[in-house]
Each structure stands twice: as structure tokens, then as C-alpha cells.
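Protein sequences appear in the order of chains C and S.
At position 102 of the first sequence (counting the first as 1) the number is 102 in this note's numbering, and the numbers step up by one without a gap.
With the second sequence counted from 1, adding 1000 to any position gets you this note's numbering.
Protein chains: 2
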Amino acid sequence: MPEGAKAQRVYLSLREDISNGVYTLGQNLPGEVKLASVFEVSRVTVRRALHALCADGLVERRAGSGNVVCNSPSLNAPVAMNFNTLMPQVAEMGRNTTAKLLSFTYNKAPDYIAQAMGLATGDPVQIATRVRLTDDQPFSHLTTYVPQAIATSYSENDLANTPLFTLLERSGVTIAQASQSVSATLASPSVADALDVQVGSALLSLQRLVCDDKGRGVEYLVARYRPDLFTIDMTLARVGEESNRYWEPTIARDTAANKKSVSA
Amino acid sequence: MPEGAKAQRVYLSLREDISNGVYTLGQNLPGEVKLASVFEVSRVTVRRALHALCADGLVERRAGSGNVVCNSPSLNAPVAMNFNTLMPQVAEMGRNTTAKLLSFTYNKAPDYIAQAMGLATGDPVQIATRVRLTDDQPFSHLTTYVPQAIATSYSENDLANTPLFTLLERSGVTIAQASQSVSATLASPSVADALDVQVGSALLSLQRLVCDDKGRGVEYLVARYRPDLFTIDMTLARVGEESNRYWEPTIARDTAANKKSVSA
DNA sequence: CGCACTTGTATGGTTTGTAATACCGGTTTA
DNA sequence: TAAACCGGTATTACAAACCATACAAGTGCG
């Protein structure tokens, strides 16, 4: 298997560091030879990455002096969706953002999904892939799996305009519980294309299983988010006495105050 | 800029499709020539990708017959730490895992951290970098920033053995609130080395600001987690009536039951 | 100035990924 | 059985990416 372009890895890594505040706007960045030894590549490769950063307007190259950071991408970014209990804000977002339906089929679900939802292997599910945009910028790539019996109660058109929760609850499903798991993955070509990022970028990954009051799975979500446009924020309060102190999530509908405290 | 290995793109794309249910377990996958034309690469390139998939145990290659899907990824994942309210389980983990102190200095904090903690730019903070391992596998890379006045109440040795929360509360600090932000980043050379992953791998990223009862920042955490060994899990319950339904986090100390439902 | 450091440029050679083509052998189906 | 498809293998060729090196030129500082 090919190793994957090294120059691109250097480029992405440096871009990360800049947007994460490792290198601030003043006069910084290690020298080319230093970077080359850190990344264990040749200086030519480092230069390719630096040229790309320069073309992006992130660094300015000064012969004899060094490379200075002259802009930060995510600083003035239209950041971010934020949520505490995750779901409610997603529902609210449904009104402020646009969605695009990429694919829509009925098929049997992958085993691990069928198993998690409590379906027999081979049961048909509706598989829909959507992309959500804010200000014409795609920030999330969602693939949902819904048992066919439930899914037939709404149309392909509904899906493009209305959040799935609303559709499900309108269909008479009583949503009771959800369990979700957050992780990170690399952008595969298809989602990279849909999210308008480079292949190999880091993406926030979310898997969610939604169950009704009878414990049957009604939705399984596989989501990918652009980390520069989307973060999962939450605030916790320390409660309890003495040796029995523990953390409790703060239920904050209006979390505007938190946005500034922990940037991203 | 290099384009990034084609064979790898085909590999990732196919893997995505398999795990997303586009190709199910039966007898499928288009022929090699068909795939080559779809991806607009040569047949040799497709074959490389298929060989890699075969080595992963995802497809079985049958001469004369075709390629059949024989497994789905993420099934046998060696998952994972899991937590709901994040903090308590971290404290529990402190006893089951080992930690290694990589660096320990007093220095001025980066601008954006000083600002978030409400410090004057230039105020010295203790900067400690630790790696946590489970079964000798490093899974998290933590960098903590603590104001020097507070940090002097415990020793460098304490830090390697005891969770920071315990140390802080033992020092008389009244921890009141925390706000955190979850995202994804690429592995930079230094953390990649510490976490034993390739440079450019995807990592789960967590930033956390902890404040005391007077609203002063007492700890700022920058954490990186290996997505294959660590996920953030949580369960939510749907409560409320009719139009006022919303999600509420389930406070689950014992979340063993959730582990199986949403794998990773 | 002169030294130490930086980026800019040029050269040559090696490695790697990719393409195009041809041929062999197994599988399926008419 | 024979034709049509499939994957397995091999060859040749080309281009891109990468590396190592050396040297020129710009900058900052004592």
C-alpha cells in the first residue's frame, strides 16, 4: 500500500498547529531544517508544505528571516455548533441550516448496525446520506439507518427539509433513549468530497443509536463533522459533599456564554 | 502539492462503503475492471486496494468468481474507555491505568490559554505533559496548565500517581465548574510518537477549562486520544411532554450496558 | 564587517506509485 | 464442451514524489 503523500501530512499538521494556537501570529515557526528533522522528511518536502501554507495565506515566507504566521483559519471561523445535551440544538439547527440529500436507498443494514438496533440480519432499512451546510459551508455528513417499517411513514422530500426526530415522532414513534459514541476518523474520499476538505483531514465522528420506549432501535446515525466548523461543547458542575463529590452536566439551553471560554 | 496515494483512496473508499452497508456480506463487489473505471485508476491500483482489504479480512478474493465481503470493520474494535459525565470515570481510570510524565516545566502559558483562564499574559503556569497507558498501550496524551500559585502545593511525583482533580481539591481549591470542547485533530509528530501512532493519524481532541467557585481558572487541559482505544460515550433520555420534549443526559455510573449497543 | 542563521535555487539520483498490456488459469453458464 | 467472465501474475514504461547535497542570497546581530 502506498504511504500517502508526506508533504501533505506536513502541511496538514502545521495547519492544525497554527489554528490550535501552538504557533501564534507573531514571528515564529521553526526553521525548515528543524521542521525537516522533526517530521523526518527532507527539506524539499517541508518546503512544499510551507509553500502550500503560504498560498493559503496562513504564513508569510521571508528569506533570511523565517516564516511568520500571518493569519489563523479557525480564529475568525464561523465557529461552531455547540450543544450540551447534544440533541436539542441539533433540532434547532434544522431550521438555521440547509441540508442536501446525497443518496437514498433501501437495503439490508451492515451487521453491526443491525445487531445494535436489534434487527434480524437481512431486515431492510432505509439508508440516507445527507450533508448539512451553514452559510454554504458543509460541516456535517450524516448517514442514517431507519427500519423500513418506520421509514415509509415519511417521504424522501421530508428528509431533506425536516430533522429526522421530528419525522419520527410525527410518525407515532415514541423516542425514549439514545446512546452515542464520539471519536475521530480520517476523511475518506467520498466524505472529503462532500465536506469540501482534503482527503486525510481529521474529522469528528459520532455514532448514535436511538431507541423507542420498547427498547427497539429506530434510528442509527453515523456522522462526520468538520472540526473547524463544529465542536461538541458541554459544561459540568461540581456537586455533592466531601468524598462524594461528582460532576453533573449543566443543562444549558443558551450556551452563548461558554463559547468564548473554551475556544476550539 | 502531492495528490495523495490513489490506491489508498480506493481502499478507504471501499472500506467506507462496506462499513456503511453499500456492499453487504453476500456476494458482491463490482469486478476489478469495473472498479478501475469507476475510480478512474488502473486495474493494478484497484488490486492493491483489494489486497489491502483482503489483508484486513474484509473481503475474500475468489479467482474466477469475484470479491465477496466477509466481514465488517469496527466490529472487533478493542474498545474503549467510556464515560457519561466525563469526569468521574476519568478519576476511576486513574487507578486502573498507568501514567507517564513526559515533561514538567514552569513557563508562561500560550496566549489563548492565558486568556481563557483569565490570567495576565506572562503569568507563569505549570505545564505538565503526561501519557496514559492501558495494558501498556498509550491511549491519551494530556497537557495541563495550572497557575503556579496553585501548582506549588503538590509535587512532580504526585502528578505521576494521582489524578489532578484529587491534587487540586486536596490543595484547598474548590472546583466548581468545567467547560469542555470536543473535536478532532491530526497527530503531530510529538504526540504521534508518544501515542505510538503514525504522524497524520486522526485523534480525538478535548479542551477543558476548570474553574473554582470564584470563577477563576484553575486548570486548562489539552488532551489527545487514540480513537481506536478511546471513545466518549453517553446516553440520553427523552423527557418532557409533547411540544416541550427534550433530551437529558442519563447519569450512569455503571455504563457497562451501553458498551455493547454503540460500538465505535 | 563578519558570523550565524535563515530562505531561495539548482542538480542529480533513488524510490515509489501508476499505467498499459499481455497471458495464464479457474469459474460460471449456456 | 465451449464461450465468456473472473481474478492471478508478469512485464515494461513513465511520471511523480522524495532525498541528499551544495551553493547563492537575504536578514539580524555583535
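Heads up, the beta-carbon is just placed ideally off N, CA and C, and yes, glycines get one too.
Asked, Found
"Partner residues on chain C for D1111(S), Cβ-Cβ distance less than 8 Å", "G21, T24"
"Three-way DSSP call (helix, strand, coil) for R9(C) in this model", "helix"
"Contacting residues, own chain, Cβ-Cβ under 7 Å from N76(C) (five flanking each side not counted)", "At N76(C) the pLDDT is 42, less than 50, meaning the model places this residue with poor confidence; the figure from the coordinates comes in the next sentence. Cβ neighbours of N76(C) beyond the five flanking positions: none."
"S1171(S) to A1099(S) span [Cα, whole Å]", "21 Å"
"C-alpha gap between L1203(S) and V1059(S), whole angstroms", "27 Å"
"Within chain S, partners of P189(C) - CB distance below 7 Å", "R1009, L1012, S1013"
"CB contact below 7 Å: S153(C) versus chain S", "no"
"CB of L168(C) within 7 Å of CB of A128(C), strictly", "no"
"Residues within the region 31 to 52 of chain C neighbouring chain S, beta-carbon criterion of under 7 Å", "V38, F39, R48, A52"
"H51(C) to T45(C) span [Cα, whole Å]", "10 Å"
"Beta-carbon gap between Y1144(S) and L1221(S) smaller than 7 Å", "The amino acid occupying residue 1144(S) in the given sequence is Thr; Tyr does not appear at that position. Contact: yes."
"Boundaries (first-last residue) of the beta strand (DSSP E) holding S37(C)", "Segment 32 to 39 is the alpha helix (DSSP H) holding S37(C); no beta strand (DSSP E) there."
"Cβ pair count under 8 Å reaching 3, the region 1203 to 1213 of chain S against the region 180 to 190 of chain C", "yes"
"Chain-ordered neighbours of S183(C) on chain S, where CB pairs are closer than 7 Å", "L1204, P1227, T1231, A1264"
"Stretch-stretch touch, CB-based, cutoff 8 Å, three pairs: the region 1128 to 1142 of chain S with the region 1192 to 1200 of chain S", "yes"
"Residue closest to Q1115(S), alpha-carbon to alpha-carbon, out of L1133(S), F1104(S), P1147(S), T1134(S)", "P1147(S)"
"Under 9 Å from the C-beta of V1197(S): neighbouring residues of chain C", "Ordered by position in chain C, no residue passes the 9 Å Cβ test against V1197(S), which lies about 11 Å from the chain."
"Same chain, Cβ closer than 7 Å to A1121(S), neighbours up to 5 away in sequence not counted", "Looking at the sequence itself, residue 1121(S) is Thr, so the reference to Ala does not match. Answer for T1121(S): D1111, A1114, listed in chain order."
"Delimiting residues of the alpha helix (DSSP H) encompassing V1044(S)", "1043 to 1055"
"Chain-ordered chain S contacts of K108(C) [CB-CB under 8 Å]", "G1021, T1024"
"Among T97(C), E156(C), T134(C), nearest to Q126(C) - alpha-carbon criterion", "E156(C)"
"Near the ligand SAH: V1069(S) beta-carbon under 6 Å from a heavy atom", "Absence of the ligand SAH from the depicted structure is noted, as is the absence of any ligand whatsoever, leaving it without description."
"Residues of its chain near L102(C), where Cβ-Cβ distance is below 7 Å and the 5 sequence neighbours each way are ignored", "T129, R130, V131, A194"
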